[in-house]
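At the far end of the sequence shown sits residue 346, using my numbering, and the numbering has no gaps.
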Amino acid sequence: MTTIKDVAKEAGVSIATTSRVINNAPHTSEAATIAVKQAMEKLGYRPNANARALVSKSSNTIGVLVNDVSAPFFGTMVKAIDNVAADLEKQLLIGNGYHDAQKERNAINLLINSRCESLVLHTKGMSDEELVQLADEVPGMVVINRVVPQIAERCVALDNHHGAYLATEHLIRHGHRHIAYLCSSHDIDDAHDRLAGYKQALIDNGIEVCDDYIEFGEPDEMGGESAMVNQLSKNTPITAVATYNDYMAAGCMALLQENSRQIPEDISVIGFDDGHIARFIYPRLTTVRYPIQVMASQAVKLALELANGDSHKVTNSTTEQRLYMPILVRRASVATLR
């Protein structure tokens with residue numbers, strides 16, 4: 009791990025000068041500033057957040073990392089965090105990571121350098137090891153929608169495997185055995201866990217897993233539509249479709265209806281998340297509820313407690329559940345197979 013001594017040696021200046029550059033102290037020469045910043049970039053050095061906070065004092069800002077703030081799911085998550093922040097007269101600073109490790113690092117560095125003592129991170133690109141190291145630097149860091157075993161007490165997550173299992177089992181209980189699955193093409197735990205949950209539900213009910221029934225696409229309406237186009241082109245005897253999320257379900261349903269397939273009379277569809285769209289498409293979507301508002305509220309409260317030095321209280325709490333269980337929400341898009 010690179011230290012301030014390594015940076016000073018690489019830059020050819022003293023540790024004191026390096027510290028002044030890192031903390032934007034006055035009376036530092038331009039040459040020294042350039043040399044230190046170049047050495048930091050070359051060595052991949054990020055100043056320890058605790059040390060920097062001692063110099064720069066704290067801010068009233070909570071840092072939030074999301075995949076893409078324009079996505080409705082993350083808008084809901086940010087709104088829930090902002091509700092807590094507003095009650096405490098704090099502001100949010102938001103970064104987009106796009107499930108890319110380097111973009112996530114850049115966004116987190118910006119949040120840290122902006123003196124955010126509390127961080128709520130939805131990160132899928134960075135490794136567990138990096139997040140454990142970051143947790144050592146930032147006491148107020150909490151990870152949402154992911155479990156990092158070494159810092160599990162600072163993670164707020166959903167059982168995605170169980171959620172997809174519930175959705176698939178619901179279709180099976182309605183008599184369906186030829187069930188397609190539209191999966192996110194993103195290489196993240198959520199996609200892997202939900203696909204595994206779908207497969208496990210089939211296996212546990214004596215149904216063979218058929219690769220021809222599984223299609224991949226972007227986790228949005230367009231991705232759901234294109235995945236369903238591919239599925240229909242195979243002319244498989246499917247009677248039901250389980251999807252990665254409600255937005256893929258919406259795209260799937262639009263494509264089916266445009267091709268004169270009645271939902272749920274001809275084919276049943278089930279989503280995942282229970283986002284706003286699930287209530288307002290027709291027929292209203294049966295789905296699996298992802299309690300992101302509750303999870304986001306708990307995550308930011310936990311981050312604030314940790315930043316305030318309540319780590320002993322948080323670590324030893326046995327009253328709070330941080331692995332949330334999804335629940336089935338029955339509406340009108342699933343019917344018993346005739």
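Don't be surprised by glycine CBs; every beta carbon is placed ideally from N, CA and C. Everything numeric in this text was worked out from a predicted model, so none of it was measured.
Alpha carbon of residue i to alpha carbon of residue j, nearest angstrom
| i | j | result |
| --- | --- | --- |
| H313 | V74 | The sequence shown places Glu at residue 313, not His. Cα-Cα distance, rounded: 21 Å. |
| G148 | N316 | 8 Å |
| T432 | E137 | This structure gives no information on residue 432, because the portion of the chain shown stretches from 9 to 346. |
| G20 | A43 | 8 Å |
| R185 | T247 | 8 Å |
| P227 | T25 | 49 Å |
| Q110 | V296 | 32 Å |
| L100 | A340 | 38 Å |
| K17 | L336 | 59 Å |
| S234 | C260 | 8 Å |
| T244 | H182 | 19 Å |
| G83 | S22 | 46 Å |
| A204 | D195 | 13 Å |
| S177 | T294 | Here residue 177 turns out to be Glu, not Ser, going by the sequence shown. Cα-Cα distance, rounded: 13 Å. |
| I159 | E266 | 48 Å |
| A33 | A209 | 60 Å |
| F81 | A188 | 24 Å |
| R202 | H169 | 5 Å |
| S305 | T36 | 42 Å |
| M230 | N91 | 31 Å |
| L118 | G71 | 9 Å |
| P55 | K45 | 11 Å |
| A97 | T69 | Here residue 97 turns out to be Glu, not Ala, going by the sequence shown. Straight-line Cα distance between these residues: approximately 9 Å. |
| D14 | Y255 | 49 Å |
| A88 | A39 | 46 Å |
Residue i in three-state terms, based on DSSP
| i | result |
| --- | --- |
| V74 | strand |
| E112 | helix |
| A43 | helix |
| R162 | helix |
| T326 | Bear in mind that the predicted position of T326 carries a pLDDT of just 40, short of 50, making it too unreliable to give a figure here. |
| Y332 | strand |
| Y206 | helix |
| Q3 | Only positions 9 to 346 of the chain appear in the structure, and residue 3 is not among them; the question remains open. |
| A19 | helix |
| A188 | strand |
| V337 | strand |
| D260 | According to the sequence provided, residue 260 is Cys. The question's Asp does not apply to it. Of the three classes helix, strand and coil, the one that applies to C260 here is helix, per DSSP. |
| K132 | coil |
| H35 | coil |
| E216 | coil |
| M48 | helix |
| V63 | Confidence at V63 is low in this model, with a pLDDT of 49, below 50, so its placement is unreliable and the value that follows should be read with caution. Three-state DSSP puts V63 in a helix. |
For residue i: DSSP bridge partner residues
| i | result |
| --- | --- |
| N104 | V74 |
| D195 | Partner(s): none; D195 has no beta bridge. |
| M149 | L127 |
| Y255 | Answer is none; Y255 lacks a bridge partner. |
| Q99 | T69 |
| D281 | R297 |
Assumed close pair residue i, residue j - CB separation to whole angstroms, cut-off 8 Å
| i | j | result |
| --- | --- | --- |
| T251 | F280 | 6 Å |
| Y298 | D282 | 6 Å |
| G103 | T131 | With 8 Å as the limit, G103 and T131 do not qualify as a contact, their Cβ atoms being about 10 Å apart. |
| A199 | G232 | The pair is not a contact, with the Cβ atoms about 14 Å apart (cut-off 8 Å). |
| V150 | A311 | 4 Å |
| V277 | V249 | 5 Å |
| S193 | G214 | Actually they do not touch by this definition, with Cβ atoms about 29 Å apart. |
| L406 | I116 | Since the first and last residues shown for the chain are 9 and 346, residue 406 lies out of range. |
| L127 | V342 | Not quite, the Cβ-Cβ distance comes to about 39 Å (not below 8 Å), so this is no contact. |
Residue span of the beta strand (DSSP E) that contains residue i, given as start and end
| i | result |
| --- | --- |
| F224 | I222 to G225 |
| T251 | A248 to T251 |
| V277 | S276 to I278 |
| V296 | T295 to R297 |
N-terminal and C-terminal residue of the alpha helix (DSSP H) that residue i is part of
| i | result |
| --- | --- |
| L179 | N168 to R181 |
| T26 | I23 to I30 |
| V92 | P80 to D95 |
| L345 | Neither: L345 is in no alpha helix (DSSP H) and is coded neither H nor E. |
| R287 | I285 to F288 |
| V156 | Taken as a continuous stretch (DSSP letters only), V156 belongs to no alpha helix (DSSP H), as it is neither H nor E. |
| Q239 | E229 to S241 |
| K309 | I300 to A315 |
Beta carbon proximity, residue i to chain B, threshold 8 Å
| i | result |
| --- | --- |
| R154 | In the structure shown, chain B does not exist; there is a single protein chain. |
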